[in-house]
Amino acid sequence: MSAVGRPASSAVHDAGARVAAGGRARDPRIDAAKAIAILLVVFCHAKGVPHGMTLFAYSFHVPLFFLVSGWLAAGYASRTTSLSQTMTKQVRSLLLPYVTFYLLGYAYWLLTRNIGEKAARWGSHPWWEPIVSLLTGIGPDLYVQPPLWFLPVMLVTVIGYMLLRRVLPPLAIAAVALVAAWFWMNWFPAQGVRLFFGLDVLPVSLCFYALGALLIHVSPRLPTSLPVSALATVVLALAVAWLAQINGRIDVNMLQFGRSHAVFLLSAVLGSLMVICAARLVQGWAWIQWIGRNTLLILCTHMLVFFVLSGVAAVAGGFGSARPGLGWAIFVTLFALAACVPMRWFLMRFAPWTLGARTVTS
Numbered sequence: 000m001s002a003v004g005r006p007a008s009s010a011v012h013d014a015g016a017r018v019a020a021g022g023r024a025r026d027p028r029i030d031a032a033k034a035i036a037i038l039l040v041v042f043c044h045a046k047g048v049p050h051g052m053t054l055f056a057y058s059f060h061v062p063l064f065f066l067v068s069g070w071l072a073a074g075y076a077s078r079t080t081s082l083s084q085t086m087t088k089q090v091r092s093l094l095l096p097y098v099t100f101y102l103l104g105y106a107y108w109l110l111t112r113n114i115g116e117k118a119a120r121w122g123s124h125p126w127w128e129p130i131v132s133l134l135t136g137i138g139p140d141l142y143v144q145p146p147l148w149f150l151p152v153m154l155v156t157v158i159g160y161m162l163l164r165r166v167l168p169p170l171a172i173a174a175v176a177l178v179a180a181w182f183w184m185n186w187f188p189a190q191g192v193r194l195f196f197g198l199d200v201l202p203v204s205l206c207f208y209a210l211g212a213l214l215i216h217v218s219p220r221l222p223t224s225l226p227v228s229a230l231a232t233v234v235l236a237l238a239v240a241w242l243a244q245i246n247g248r249i250d251v252n253m254l255q256f257g258r259s260h261a262v263f264l265l266s267a268v269l270g271s272l273m274v275i276c277a278a279r280l281v282q283g284w285a286w287i288q289w290i291g292r293n294t295l296l297i298l299c300t301h302m303l304v305f306f307v308l309s310g311v312a313a314v315a316g317g318f319g320s321a322r323p324g325l326g327w328a329i330f331v332t333l334f335a336l337a338a339c340v341p342m343r344w345f346l347m348r349f350a351p352w353t354l355g356a357r358t359v360t361s
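With numbering that gives the first Met the number 0 applied, the sequence shown closes on residue 361, and no number is skipped along the way.
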């Protein structure tokens, strides 16, 4: 008898396979699009990335994750899973990694917060403050592991959509969510308060998740040939870059949606379609598919790797009077991705629950 971990991503893949047996195969663009999205996230979190690149990526990369998740759930998830089963699965696949990797980030923060420039930034913060932030799940307060704000938001988004799906069809949910997101973006950020566990982001995330659920009907009509997909990618990229320059910086976690909420919604949708078209070009690359199937691990670990590399660089003399440049951003991005290979092997062998996996005996 041997025990192996079954990752959350594998569970989703198996659900897709079961549906495929009924005649619908999982679209390979999904994992490729997820891979492109997480690559943008990791790269833009690194120091030294030019402002124009972050402006471009931030205009759509977070909505893209919700949109692709809605696409995946609507088209390839099991139809026989109950609400309680779904909630249990989401708690296992999202909350367990959230708590685990947050505590790892917290441990590193405790060990290093009084060293170098961190002393001025974090030295006055009480040791227990990050623990309170873990329990509230308020995005800006998760400074020991900033990317993890996404996991509580995804949890409430999935549950919220499932509850709505019990009473409304997908098209109606998308219409209601779009209107709700519009009013929410215009009203709530000005209130100057934040809600626990991503509930203040929920109206926006639910909007894109609901739009993604409609992709199961739209995706077959998107370009499938390589030349047309490449052309569509370039045209959409130019449009998104122009819209990003017009609208300014977007940060969904900080409830910053640019100068125009209409432009934000448009650039987010066009940017997502751009990535789906680009995914067609790279969907056959094995390493892209691997990244797409391990986005949870990459999301939860890349900032910790960045923290360690920055600490090593600081001890080694840092960058002198210069700031980190594009070369540094590329290096730490590649390092963080490469580090995920042994980390995944170790975690799936000895602690599969950290990645939302369940142990299967065979």
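We put the CB at the ideal spot given by N, CA and C, even for glycine. Computed from a predicted structure; not experimentally measured.
My understanding is that residue i touches residue j, with C-beta atoms under 8 Å, so please give their C-beta distance in whole angstroms.
| i | j | result |
| --- | --- | --- |
| Ile158 | Gln89 | 7 Å |
| Ala243 | Ser266 | 6 Å |
| Trp186 | His260 | With a Cβ gap of about 11 Å, Trp186 and His260 do not count as contacting. |
| Leu141 | Tyr101 | 7 Å |
| Ser271 | Pro62 | 6 Å |
| Leu298 | Val331 | With a Cβ gap of about 15 Å, Leu298 and Val331 do not count as contacting. |
| Ile329 | Ala32 | About 22 Å separates the two Cβ atoms, so there is no contact after all. |
| Leu82 | Met184 | About 28 Å separates the two Cβ atoms, so there is no contact after all. |
| Leu364 | Leu213 | Since the first residue of the chain shown is 0 and the last is 361, residue 364 is not available in this structure. |
| Leu235 | Leu150 | In fact, because the Cβ distance is near 29 Å, the residues do not count as touching under 8 Å. |
| Gly291 | Asp30 | 3 Å |
| Ser58 | Asn246 | 7 Å |
If you reduce the DSSP assignment to three classes, tell me which class residue i lands in.
| i | result |
| --- | --- |
| Pro256 | Note that residue 256 is Phe in the sequence shown, not Pro. Phe256: strand per DSSP, three-state reduction. |
| Ile249 | strand |
| Arg28 | helix |
| Arg322 | coil |
| Arg193 | coil |
| Arg279 | helix |
| Arg165 | coil |
| Arg112 | coil |
| Gly22 | Bear in mind that the predicted position of Gly22 carries a pLDDT of just 46, short of 50, making it unreliable; the figure below should be weighed with that in mind. Three-state DSSP puts Gly22 in coil, outside helix and strand. |
Could you name the residues of the same chain whose beta carbon sits closer than 6 Å to that of residue i, not counting the 5 residues immediately before and after it, in chain order?
| i | result |
| --- | --- |
| Arg193 | Ile137, Asp199 |
| Leu133 | Tyr101 |
| Pro341 | none |
| Ile172 | Leu163, Ala209 |
| Leu254 | Pro188 |
| Trp352 | Leu95 |
| Phe42 | Thr332 |
| Trp327 | Gly47 |
Cutting at 8 Å between CB atoms, please list the residues of its own chain near residue i, excluding the five before and the five after it.
| i | result |
| --- | --- |
| Arg343 | Asn293, Leu296, Leu354 |
| Val251 | Val61, Pro62, Val200, Val203, Ser204 |
| Trp126 | Leu109 |
| Val304 | Val331, Phe334, Ala335, Ala338 |
| Ala179 | Pro202, Leu205, Cys206 |
| Tyr105 | Pro129, Ile130, Leu133, Val143, Gln144 |
| Pro168 | none |
| Val217 | none |
Let's see if you can read the secondary structure: which residues bound the alpha helix (DSSP H) around residue i?
| i | result |
| --- | --- |
| His124 | Careful: His124 lies outside any alpha helix (DSSP H) and carries neither H nor E. |
| Tyr57 | 50-57 |
| Ala350 | Taken as a continuous stretch (DSSP letters only), Ala350 belongs to no alpha helix (DSSP H), as it is neither H nor E. |
| Arg292 | 285-292 |
| Phe207 | 201-212 |
| Ser83 | 82-89 |
For residue i, I'd like the list of residues in its chain whose CB is within less than 7 Å of its CB, leaving aside the five on either flank, ordered along the chain.
| i | result |
| --- | --- |
| His60 | Ala36, Leu39, Val40 |
| Pro27 | Gln282 |
| Ile215 | Trp70, Ala73, Gly74 |
| Leu103 | Leu303 |
| Val155 | Phe196, Gly197, Leu198, Leu201 |
| Gly310 | Thr111 |
| Phe306 | Tyr107 |
| Phe256 | Met184, Ile249, Phe263 |
| Met86 | Ile158 |
| Leu177 | Cys206 |
| Ala20 | Residue placement at Ala20 cannot be trusted, given a pLDDT of 36 that sits under 50; the coordinates are not used to answer. |
Does at least one heavy atom of the ligand PLP sit under 8 Å from the Cβ of residue i?
| i | result |
| --- | --- |
| Ala321 | By its list of ligands, the structure shown contains no ligand whatsoever, and the ligand PLP lies outside what it can speak to. |
Task: the region 274-281 touching the region 212-230, judged by at least three CB pairs closer than 8 Å - done: yes
TODO: Mind the definition here: the region 199-208 touches the region 235-249 only if three or more C-beta pairs lie below 8 Å; say whether that holds.
DONE: Because the criterion of three Cβ pairs below 8 Å is not met, the region 199-208 and the region 235-249 do not touch.
Open item on the list: Count Cβ pairs between the region 35-51 and the region 59-76 that sit closer than 8 Å; are there 3 or more?
Closed with: yes
- [ ] For the region 40-52 and the region 116-130, state whether three or more C-beta atom pairs, one from each stretch, are separated by less than 8 Å.
- [x] no
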